[in-house]
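Inspection log for the structure reproduced underneath, given as structure tokens.
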Amino acid sequence: MTPRTEVTTRWRPASGVGYVTRFDVQTSCLDRFEVPQVGGRTILEYWIPAEQLEEFNDHIVGQIVEVARFERVGGNVVEIPGGETDSAKR
Numbered sequence: 004m005t006p007r008t009e010v011t012t013r014w015r016p017a018s019g020v021g022y023v024t025r026f027d028v029q030t031s032c033l034d035r036f037e038v039p040q041v042g043g044r045t046i047l048e049y050w051i052p053a054e055q056l057e058e059f060n061d062h063i064v065g066q067i068v069e070v071a072r073f074e075r076v077g078g079n080v081v082e083i084p085g086g087e088t089d090s091a092k093r
């Protein structure tokens with residue numbers, strides 16, 4: 004199981020849909036945030052406090068790309084084909 008599959012299928016199945024996105028953020032912004040290991044040896048994620056999210060969003064560079072989408076189908080969470088599509092920024 005890849006980190007993106009694990010995160011989306013195990014951590015958010017109750018919401019019915021989960022997205023994995025890719026985007027660039029200015030390094031000067033990212034350097035301010037903690038990057039803890041979460042859920043497994045290979046899973047690292049930035050922790051952005053809610054009160055700093057607007058500022059973080061202002062430092063996104065370029066497009067936000069949908070890498071994968073997962074939906075609840077019956078009792079299972081499955082990956083829906085069609086990832087890697089460009090999405091409009093915000």
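With my numbering, you'll find the sequence shown wraps up at 93, consecutive numbering, no jumps. For every residue, glycine included, the Cβ atom is placed at its ideal position computed from N, Cα and C.
Taking the C-beta atoms as reference points, Val28 is found nearer than 9 Å to Ile63. Inter-segment contact for the region 33-51 and the region 67-82 is absent: fewer than three beta-carbon pairs are separated by less than 8 Å.
Under the three-state reduction of DSSP output, Phe26 falls in the strand class. Here Phe26 has Ile63 and Ile67 as same chain residues with Cβ atoms under 6 Å from its own Cβ, once five neighbours each way along the sequence are excluded. In this chain, the alpha helix (DSSP H) harbouring Glu58 covers Leu56 to Asp61. Taking the Cα of Glu58 as reference, the smallest distance to any Cα among Leu33, Gly19 and Tyr22 is reached at Leu33. Here the alpha carbons of Val20 and Pro52 stand approximately 23 Å from one another.
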